[in-house]
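Below: one structure, written as C-alpha cells.
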Amino acid sequence: MSRQQPGFFHSLVRRPIALLVLFVTLIVISVIAYQRIPLQLFPSGFTEPGLFIWIPNPGSSAQENEELVARVVEEQLRTLSGIEEMRSWSESNVVRFRLNFSGSADMDLAKAEVRDRVERAWPSLPETCETAGIWSESSDSLPITFFGVKLEGDPDRRDLLMDRVIVPRLEAVSGIGKVDMWGVLEDSVRILLDEDKVAAAGLDLGTVITRLASDNFAQPLGELEDGGRELILRSDMRFQTPEEIAEFPIEGGLRIKDLGRVARVKEVQNQVSRIDGGYAYFGMATKDSQSNVVETTDRFRAAMTELEQDPALAGQLAFLPFFMQGDMIKTSLAQLQRTALEGGLLSVVVLLVFLRRLRLTICVALSIPVSALMAIAWEYFGGGSFNVITMTGITLATGMLVDNAVVVVENILRLRRAGASEDEAAAEGTAEIALAVTLATVTTVIVFLPLIFLTDQAAVRLLMQTLVVPYSISLFASLLLALVFTPVIVTRLSAERSGRQERWTAAFDPLLRVPLRGVKLLVAALRWGWFQSLRACAFLERSLLAVLTPVRWPLALLPLGVAALVLLAGLRARTSSAPLTAFGIQTGSTWLPLAGPPLVALFVAAVALFGLGRMRARGIRAPARPPTFVPSGESLVDMVIELNQRLLAWTMQHRLAASGLTALIFLSIVIPFSGLMQAALSQESSGDELNFRVNLQGSFTLGEAEQELRVYEDFLTAKKADYGFAHWSHRFDEDGGRFGLHFDQVKQGPDYATLEKRVKQELPRVSGHRLRFYDEDDSDSNTQSMARFTLLGPDSRELERLSQRAVQLLERVPGLSDVSSPLEEAPDQIEVRVDRDLAQELGVDSRAVESSIAYALGGFPLPRFQEEGREIPLRIEFDEAETAGLPTLKDLSVFGQRGEVPLSSIGSLSFGKGARSIFRRNGKTSFALEGKVDDPLQVLAVTAAGQRALQELELPRGYSIDTSDSLIEQRDEDMQALWMAFLLGLVLVFLVMAMFFESLLLPFTVLFTVPFALLGSFWALFLTRTPLDPIGVIGMIILAGVVINHCIVLIDRIRSLRGETPDRLTAVLEGSRQRVRPVLMTALTTVVGLLPMITAAPPRDGIDYRSLAVIVAGGLTSATFFTLWVVPLTYTFLDDLWACLGARAAWWLRPPAKRSPDAGSAAPEPAASSG
14 MSRQQPGFFH
24 SLVRRPIALL
34 VLFVTLIVIS
44 VIAYQRIPLQ
54 LFPSGFTEPG
64 LFIWIPNPGS
74 SAQENEELVA
84 RVVEEQLRTL
94 SGIEEMRSWS
104 ESNVVRFRLN
114 FSGSADMDLA
124 KAEVRDRVER
134 AWPSLPETCE
144 TAGIWSESSD
154 SLPITFFGVK
164 LEGDPDRRDL
174 LMDRVIVPRL
184 EAVSGIGKVD
194 MWGVLEDSVR
204 ILLDEDKVAA
214 AGLDLGTVIT
224 RLASDNFAQP
234 LGELEDGGRE
244 LILRSDMRFQ
254 TPEEIAEFPI
264 EGGLRIKDLG
274 RVARVKEVQN
284 QVSRIDGGYA
294 YFGMATKDSQ
304 SNVVETTDRF
314 RAAMTELEQD
324 PALAGQLAFL
334 PFFMQGDMIK
344 TSLAQLQRTA
354 LEGGLLSVVV
364 LLVFLRRLRL
374 TICVALSIPV
384 SALMAIAWEY
394 FGGGSFNVIT
404 MTGITLATGM
414 LVDNAVVVVE
424 NILRLRRAGA
434 SEDEAAAEGT
444 AEIALAVTLA
454 TVTTVIVFLP
464 LIFLTDQAAV
474 RLLMQTLVVP
484 YSISLFASLL
494 LALVFTPVIV
504 TRLSAERSGR
514 QERWTAAFDP
524 LLRVPLRGVK
534 LLVAALRWGW
544 FQSLRACAFL
554 ERSLLAVLTP
564 VRWPLALLPL
574 GVAALVLLAG
584 LRARTSSAPL
594 TAFGIQTGST
604 WLPLAGPPLV
614 ALFVAAVALF
624 GLGRMRARGI
634 RAPARPPTFV
644 PSGESLVDMV
654 IELNQRLLAW
664 TMQHRLAASG
674 LTALIFLSIV
684 IPFSGLMQAA
694 LSQESSGDEL
704 NFRVNLQGSF
714 TLGEAEQELR
724 VYEDFLTAKK
734 ADYGFAHWSH
744 RFDEDGGRFG
754 LHFDQVKQGP
764 DYATLEKRVK
774 QELPRVSGHR
784 LRFYDEDDSD
794 SNTQSMARFT
804 LLGPDSRELE
814 RLSQRAVQLL
824 ERVPGLSDVS
834 SPLEEAPDQI
844 EVRVDRDLAQ
854 ELGVDSRAVE
864 SSIAYALGGF
874 PLPRFQEEGR
884 EIPLRIEFDE
894 AETAGLPTLK
904 DLSVFGQRGE
914 VPLSSIGSLS
924 FGKGARSIFR
934 RNGKTSFALE
944 GKVDDPLQVL
954 AVTAAGQRAL
964 QELELPRGYS
974 IDTSDSLIEQ
984 RDEDMQALWM
994 AFLLGLVLVF
1004 LVMAMFFESL
1014 LLPFTVLFTV
1024 PFALLGSFWA
1034 LFLTRTPLDP
1044 IGVIGMIILA
1054 GVVINHCIVL
1064 IDRIRSLRGE
1074 TPDRLTAVLE
1084 GSRQRVRPVL
1094 MTALTTVVGL
1104 LPMITAAPPR
1114 DGIDYRSLAV
1124 IVAGGLTSAT
1134 FFTLWVVPLT
1144 YTFLDDLWAC
1154 LGARAAWWLR
1164 PPAKRSPDAG
1174 SAAPEPAASS
1184 G
C-alpha cells in the first residue's frame, strides 16, 4: 500500500491555533444546528403516500355497499395510473377506500384525479349516498393528540359549551389545524308526522317528501346591471324558521302542522363515550403543515390547562390527554439519548482502563459528542429533522466513534515509546495509519449502499437513508477528528507526567494492581489445573497399558466370541421367520444389523493385538512442568498479548492442525443455527394503554347495550388501584364496546404482557359476550401475537361459507387459539325479497319499496336547515315513542300506482347473518380469519402450520388462499432483499480493498473473518433467546463493515513490517503484537457501547433494535479473537499461494529452452514471498 507523505500532517501539527479556531467553529455551528433542528417522531415521507375516500350511505348494509358502491367506484379508480394498492371496506352506512401510491407520485394531481373518478361514478351510486370525503395521509398528518373531556352539568349546556367555547378556543391555538370531537349531540329539526292522520288523509308521502326537498333550495339566477353596477340575482327558497316549515302547504288545503309537528331535537346518538364512570367526550387535534410538532403540543397543553382554570368553567371541566405526539417524541428521543450517553460513558471507562491517563482519555472520548453533533448539523443543513430513527443511527455508532482516534493515538504513543519526538511521532504516526483507518471507515459505510438502493419501496429506502446517513456522517466526522485534530491534542497531552502526578500514580498503583493480581492468580490456577490433568491422564494411560498389554490375546478373542454368538442367534431368527416372509410379513429388512457386531469386534481385536504393544513401546510422557504458572506482564493487555503470541507461534508451526481446529470451531454454528428463531419486523408489546373489546351477540338498543356492558365498568372501577391505571375509558354502540386502561407510565415488555394476561383471566365472563384483546383492523397483519389467514374470491357469500370450514381447520392447529371469523361478530339481518312480477302487476316499483322501508324505520333526510350562520340536519319521520321494529315492518304499506299495497303481499322476510365489514383488496373480495398465537416467538411457525391446514379446503374455481400479505411472505421478501444487500455489500468491500491493497488475494484474507463474526452472532442470538428479524440482518451488514476494520489495520501493519524484515514469521508475530492493543480497545468500546441498547426497552411505538445490537456485539466479540488468530494464518496461506502462482506463471512465461524441468513445481521459500 502506498504511503502518504508526512508533510501534510507535519504542517497540521505545527499550526495548533488554526486548528483550534476551526475546531471551535465546527462545534459552535453544530450546537446551533442541534438547537434549531426540528423534532419529529418519524421523518417526513416515512409513510407511503396514500389517499382515503369516505362515502357515507345511511341505512345500508355491508353487502349492499359492496355491490352498489365499492365495486362501482373501484371500476373508475382502476383507470388511474400510479396506484400500487387499492383497498376498500364496505360496512353498514359507509364505504371506506384507501389508495397507496408510488413514492414518486404527485399527490396533488392524484387527489384531483381521484376526485374526478369519484364524480364519474356518482350517477351510478345509490341516491342515499352523501357527499364523499377525500383526504391524503402522510407522516406529517398524524394527529398530535387524542384526549378525553369530562364536563359536568346539563347535557344541553355541555354540548353548547363544547361547540361554542371549548372547540373554538382549542382551534385558535397557534399551529392547530383542526379539532374533531365525538360525543357532542348535534342539533336538528324534525318534521314529526302522525301516522294515523297521514293514513286518514290518504296522502302519498313520497310526493310530500319530494316537494319538501325540491322547495328547500337556494341558487343564483344570473346578473343584473343597475346604474353601472353589476348585481347578482339569487333565489333563496330555504326555510327560515321551524314555523315556516309547519305552514308548508300540502294538497287538499292541508299543511304540515295539520298532520304533525315541527320540533327542534337532538340527533340520536349511535355511540356513547364514558370515562371513569361518567359520560364524556373524545377529541382529536391535528396540526397545520408548517408547525413544529413539539412546540404545537406544548401550546395545546397550555390551552387545555387555561380552559380548566377558567373561572367560568372551574371545577366542571377536565382534560385527559391519552396521547400527545410531542411528549412521545421527547420521551423516545430522551430514551435513545440516554442509551447513547450510557454507551458512551462505558466506552470512556474502557478507554481509561487501557490508556490509564485521564486527559488522554478525554481527548479520545471527545470524538463521541463532537461526531454526533456534526452528524446532526449535516441533517439540519440538509433539510432533515431530528427523529427517532436518526437518533438510533447515532446510537449505533456511539461505540465506534472512538475507533479511529484509538488507532491513531496508539500508533503515536508507540512511536513515542520508540524514542521519537512529540511532533515527529504525531505526524509520522498519523501518516503511517491514515490510509488504513480511511479504508476501514469507507468499508464500514460502503456496505450500506446496496441496502439503500436495492429496494424499490420509497418508505424502506427512506428508513435506511434516515438510519444510515447519520451513522455514516458521524463515522466520517470521527475520521476527520482522528486525522486532523487528535494528533495535535496528543502532542500537548503525551508529555511525561509531572512529579506530582507520578506521586499520585504511585500512591494508587498498588490499589489498581489488585484486579490484575486476581486475574493472574485465576489464570495460574487454571494453568496448574490443566497441567495436573495432563499428568494424571498420562499416568492413567501408562497404568492401563501395563495391565492390558500382557493379556491382549484374550482381549482380542473375547469380542470375537461375543460377535459370533450374536451372529448365530440372528441367523437362527431369520431361518425361523422364513415362513412368515412367504406371506409377505417382513421381520427383518437387511443384513446390516447382523453385520454390525462382527465389524465392531474385528476393530476392537485389531486394536488389542497391534495397537496396545506399539503404544506401550513408544511410551507416553507427561508434559514438562513450566517455570511458572503465573503469566507475565504489567497489565491485562500484556497478558493477552503474551497469550496471543504463544497461540500464533504454535499456529505458525502447526498450520494444518490449526486449520482443522478452526474448521471444527466454525462447524459449531450448526448448534445455534438449528435452534434459531426467526421473526418478522415487529415490536414487543408495550405502551401506556391496554385495550380490549366486548362484542355483543344479539340485537340490542343503545340503552340495553349500556346495561350489558356496565358489569365491565364496575369491574374496572373496583380494580383501578390493583391494576395501577389512572383512568379507564369506554366507547360503545349497539354492537359492543371498546375499553381502554390508561396508565401514567409506559409499561414495557413482560410487565405489559403479564398485566394483559391477568386482565384477560380476571374479567367477568358473561354469556353472549365475546372478549378480544387486539384491534380489529383488516389492513394490519403485522402484529407479533396474531396470525392472519385470508380467503379471496369474487362472491362474499361463498367466502362466508368457506370461512366456516376454515375456522374448523385452524382450530386444530397447535399453538393457535381464539380463532375468529367476521361472521361471529356479524349482526343479525332481515332480508326483504320482493316478488317482481306481482309488484309490477300492482304498480309497485322496487325503489318505492326501498324508500318506504327506509322511511318507516328511520325517516328521510331533507336538505339541511339554515340557522344562525350554520347548517343543521332536517329530517321527516313518524312521531313514534319507540323505535320501529319487526311489527312495523310486517304491517308496512307501500304506495303504488293503484294505492297502498301491504308489503307482506308482495315480499317475504328472511333472517340471517351478514358480515359487519367486507374487505376488498385490488378488486378482489377477501375474508380474513384471525387467531391468537400462544407463543409470540412461534408466530411464523404457527402461521405456516395454519396455511398447511387450509390446504384441505375444497375451493371452487376463482377462489384462493391469499398469502401475499402474510407474515411469512413478508419475512421471506425482507430476508431475501437483506441477504442480497449483505452479499453485494461484501462485493463492494472486496473491490475497495483490492483497489487500496493492489492485490486480489489479500482482500480474501480480510473477508475470511466475516464467517467467524456470523458464528458469534448466531451464538449470541441462541444464548440470549433473541429471534432473528430483518433488523437483525441489518445488524449483520453493520457487523461485516466493522469486523473488517480490525483486519485491515492488522494486515496493513504486517505488510509494512514485511518491507522492513525478510522473515515473514517475525513480521506476522510482531505485527499482531503491535495491533492487539488497538484491536482490543476498539472492539471493547463498541461492544460495551451497545450494551445499553441490548438491555434497554425499545422506544414506544418505535422499532426494536435489540436483535441488531445483540448480533453486532456477539459477532464483534467472536471476530476479535479470530482476527488475532485466524487472519494471520490465512495471510500466510494466501501469501504462499501468491508466491506459488507467481513462480508457476514465471516458469510458463520463460522460453521453452530455458525452462528447468522441476522449476515449475518448486515452491519458493515463504520468507521470500510477498503479498
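Note that the sequence shown covers residues 14 to 1184 in this note's numbering.
Don't be surprised by glycine CBs; every beta carbon is placed ideally from N, CA and C.
Can you name, in chain order, every residue of its own chain whose Cβ lies under 7 Å from the Cβ of residue i, other than the five neighbours on each side?
| i | result |
| --- | --- |
| VAL826 | VAL955, ALA958, GLY959, ALA962 |
| ALA353 | ILE407, THR408, THR411 |
Applying the criterion that 16 or more other CB atoms from any shown protein chain within 10 Å of the CB defines a buried residue, is residue i buried or exposed?
| i | result |
| --- | --- |
| ALA276 | exposed |
| GLU143 | exposed |
| ASN283 | exposed |
| PHE940 | buried |
| LYS191 | exposed |
| LYS770 | exposed |
| GLN951 | buried |
| ASP1065 | buried |
| ILE1124 | buried |
| ARG1068 | buried |
| TRP741 | buried |
| GLU965 | exposed |
| VAL1002 | buried |
| LYS300 | buried |
| PHE552 | exposed |
| LEU1129 | buried |
| ILE598 | With a pLDDT of only 41 at ILE598, under 50, the local geometry of the prediction cannot be trusted, and the value read off the model is given with reservation. Exposed, by the Cβ-count rule. |
Sort out for me which residues DSSP pairs residue i with in a bridge.
| i | result |
| --- | --- |
| THR938 | GLY806, ARG933 |
| VAL1089 | BP columns for VAL1089 are empty, so no partner. |
| ASN1058 | Paired residue(s): none; ASN1058 is not in a bridge. |
| VAL278 | SER201 |
| LYS270 | BP columns for LYS270 are empty, so no partner. |
| GLU943 | ARG801, SER833 |
| HIS740 | HIS755 |
Please go through the same chain and pick out, in chain order, the residues whose beta-carbon is closer than 8 Å to the beta-carbon of residue i, but skip the five residues on each side of it.
| i | result |
| --- | --- |
| ARG888 | SER201, VAL202, ARG203, ILE204, GLY872, PHE873, PRO874, LEU875 |
| ILE40 | VAL383, LEU386 |
| LEU1147 | LEU1014, LEU1015, PHE1017, THR1018, GLY1184 |
| ARG268 | ALA259, GLU260, PHE261, PRO262 |
If you drop the 5 nearest sequence neighbours on each side, which residues of the same chain put their C-beta closer than 6 Å to that of residue i?
| i | result |
| --- | --- |
| ASP791 | For ASP791, the predicted structure reports a pLDDT of 39, less than 50, and the residue's modelled location is therefore unreliable. The matter cannot be settled from this model. |
| LEU1078 | MET665 |
For the pair the stretch 342 to 362 and the stretch 200 to 209, tell me if three or more CB-CB distances fall below 8 Å.
Fewer than three Cβ pairs drawn from the stretch 342 to 362 and the stretch 200 to 209 lie within less than 8 Å of each other, which leaves the two stretches out of contact.
- [ ] Note down, one range per segment and in chain order, each alpha helix (DSSP H) of at least 4 residues found wholly within the stretch 175 to 212.
- [x] For the stretch 175 to 212, whole alpha helix (DSSP H) runs of length 4 or above, ordered along the chain, are 180 to 184.
**Message:** Three Cβ pairs or more, each shorter than 8 Å: is that satisfied between the stretch 712 to 724 and the stretch 660 to 671?
**Reply:** Contact between the stretch 712 to 724 and the stretch 660 to 671 is absent, with fewer than three C-beta pairs closer than 8 Å.
Taking 8 Å as the cut-off, does the stretch 1061 to 1074 touch the stretch 1041 to 1052 (at least 3 CB pairs, one atom from each stretch)?
Contact between the stretch 1041 to 1052 and the stretch 1061 to 1074 is absent: fewer than 3 CB-CB pairs across the two stretches fall below 8 Å.
If you pair each beta-carbon of the stretch 370 to 379 with each one of the stretch 1077 to 1091, do three or more pairs fall below 8 Å?
The stretch 370 to 379 makes no contact with the stretch 1077 to 1091: fewer than 3 CB pairs, one atom from each, lie closer than 8 Å.
- Query: When the Cβ atoms of the stretch 396 to 407 are set against those of the stretch 426 to 435, are three or more pairs found closer than 8 Å?
  - Reply: No contact exists between the stretch 396 to 407 and the stretch 426 to 435.
(request) Would you list, in sequence order, the uninterrupted beta strand (DSSP E) runs of no fewer than 3 residues that lie entirely inside the stretch 310 to 384? (result) As far as the stretch 310 to 384 is concerned, its whole beta strand (DSSP E) runs of at least 3 residues are 330 to 337.
Subject >> the stretch 285 to 300 / the stretch 737 to 747 touching (three or more Cβ pairs under 8 Å) >> reply: The answer is yes - the stretch 737 to 747 touches the stretch 285 to 300, with three or more Cβ pairs under 8 Å.
| said: Quick check for students: name the residue ranges of the alpha helix (DSSP H) that lie wholly in the stretch 395 to 442, counting only runs of 4 or more. | reply: Within the stretch 395 to 442, complete alpha helix (DSSP H) segments of at least 4 residues are found at 401 to 410, 416 to 430, given in chain order.
Discussion item. Across the stretch 318 to 334 and the stretch 1069 to 1077, are there enough close Cβ pairs to call them in contact, namely three or more that are closer than 8 Å?
Written reply: Touching, no.
* Count the C-beta pairs between the stretch 22 to 35 and the stretch 484 to 503 that are closer than 8 Å, then say yes if the count reaches three, no if not. => Contact between the stretch 22 to 35 and the stretch 484 to 503 is present, with at least three C-beta pairs closer than 8 Å.
* Touch test, the stretch 653 to 663 against the stretch 1126 to 1146, Cβ-Cβ under 8 Å, three pairs minimum -> Because the criterion of three Cβ pairs below 8 Å is met, the stretch 653 to 663 and the stretch 1126 to 1146 touch.
- Message: Measuring CB atoms only, is the stretch 1091 to 1106 touching the stretch 358 to 369, in the sense that at least three cross pairs come out at less than 8 Å?
- Response: Taking 8 Å as the limit for Cβ pairs, the verdict is that the stretch 358 to 369 does touch the stretch 1091 to 1106.
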